[in-house]
Amino acid sequence: LGLLAEEGLCYGIFSYLEGEDAKKLLPTYSPKEQYDIGIEAGKDLAKMHTYEAPNNILPWYERAMKKHSKYLEAYKTCGINIKNDDKIIKFIEENEIYLKNRPNRFQHDDFHLENIIVRDGKYVGVVDFNGYDWGDPLHDFVKIALFARDISIPYSIGQIEGYFNRKIPEEFWKLYTVYVGMTVFSSVVWTLRAAPHMLDDMLERLTIVLEDHNNFELSKPSWF
């Protein structure tokens, strides 16, 4: 970033990642290439998550539950009813304890295939850091459920295995599924507010999420 005082202008210089977004190209790659791209994306994400949040950031549990409560209340009065939503609410209530004492670290907060750049069957990098946040790093995995598993299951598996170096702790699945459950309600509310023309598409995605988790009786999704 810089400033040209005499002209009254400011400027920014950014690096350029050559390639195209993974949503477009992944389906043209072999399953192994998709998986390997996921592995590298997961490794890259793990590096991002090493940065600790500033000391003035409130505990993650407090912020996450407050945000969820607001979205849940908005959902209850929005006029849209997700089948078996009571089971999702129950799962979150029974497992929210896992959010306590989670680390506050850097979150990309929009880590999905349209922000992942690939070229020649390989992972190049990720873009769009403008919406970054601080909190539980594992929250960055929620986009898999809505915007990756339908495009590439090999990639989705690879991202998780790459992040954990293929040693996935059981606690991950509880946290992942709590966050996915919370996202069900926030997605409905956000779509109604910001992109109502996309509501049918979002509801289809949420139906798949419920099927993947057997109406939230499964922590680990059936596609894994």
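Counting from 1, position 59 in the sequence shown corresponds to residue 1328 in my numbering; the numbering is continuous, with no gaps. Where a beta carbon is used, it is the ideal one built from N, C-alpha and C, also for glycine. Predicted model, so just to flag it, every value in this text is computed and none were measured.
Stretch pair the segment 1328–1344 + the segment 1381–1401: three plus CB contacts closer than 8 angstroms: Verdict: no, contact absent.
Length of the line joining the Cα atoms of residue 1422 and residue 1446: Their Cα atoms are separated by approximately 17 angstroms.
Residue range of the beta strand (DSSP E) that includes residue 1375: Where residue 1375 is concerned, the enclosing beta strand (DSSP E) starts and stops at 1374–1376.
Rounded distance between the beta-carbons of residue 1450 and residue 1398, thought under 8 angstroms: Wrong, their Cβ atoms sit about 26 angstroms apart, outside the cutoff.
Top-ranked residue by Cα proximity to residue 1432, from 1305, 1352 and 1298: Comparing alpha-carbon positions, the option among 1305, 1352 and 1298 lying closest to residue 1432 turns out to be 1305.
Sufficient close CB pairs (3 or more, under 8 angstroms) joining the segment 1410–1428 to the segment 1472–1482: Taking 8 angstroms as the limit for Cβ pairs, the verdict is that the segment 1472–1482 does touch the segment 1410–1428.
Assigned exposure category for residue 1285 - 16 Cβ within 10 Å defines buried: With fewer than 16 Cβ atoms within 10 Å of its Cβ, residue 1285 is classed as exposed.
Where residue 1469 sits in the DSSP three-state scheme: In the three-state DSSP reduction, residue 1469 falls in the helix class (H, G or I).
First and last residue of the uninterrupted beta strand (DSSP E) at residue 1386: Under the DSSP assignment, residue 1386 falls in the beta strand (DSSP E) whose first and last residues are 1385–1388.
Residue 1392: first and last residue of the uninterrupted beta strand (DSSP E) it sits in: First-last of the beta strand (DSSP E) with residue 1392: 1391–1395.
Alpha-carbon to alpha-carbon, residue 1456 and residue 1463: Their Cα atoms are separated by approximately 10 angstroms.
Rounded separation between residue 1345 and residue 1465 - CA only: Within the model, the alpha-carbon separation for residue 1345 versus residue 1465 is close to 17 angstroms.
Given residue 1434 as reference, the closest of 1308, 1387, 1444 and 1405 once Cα atoms are compared: For residue 1434, the closest C-alpha among the options 1308, 1387, 1444 and 1405 is that of 1308.
Beta-carbon spacing of residue 1493, residue 1420 below 8 angstroms: The beta carbons of residue 1493 and residue 1420 sit no closer together than 8 angstroms.
Beta-carbon proximity check, residue 1288 vs residue 1333, cutoff 8 angstroms: Judged by beta-carbon spacing, residue 1333 lies beyond the 8 angstroms limit of residue 1288, meaning their Cβ atoms are not closer than that value.
Touch test, the segment 1379–1389 against the segment 1292–1306, Cβ-Cβ under 8 angstroms, three pairs minimum: As far as the Cβ criterion goes, the segment 1379–1389 touches the segment 1292–1306, which means the pair count is three or higher.
Reference residue 1326; option with closest CA among 1351, 1374 and 1365: The shortest Cα separation from residue 1326 among 1351, 1374 and 1365 belongs to 1374.
One or two residues paired with residue 1403 in a DSSP bridge: When DSSP reads this structure, residue 1403 sits in a beta bridge with 1375.
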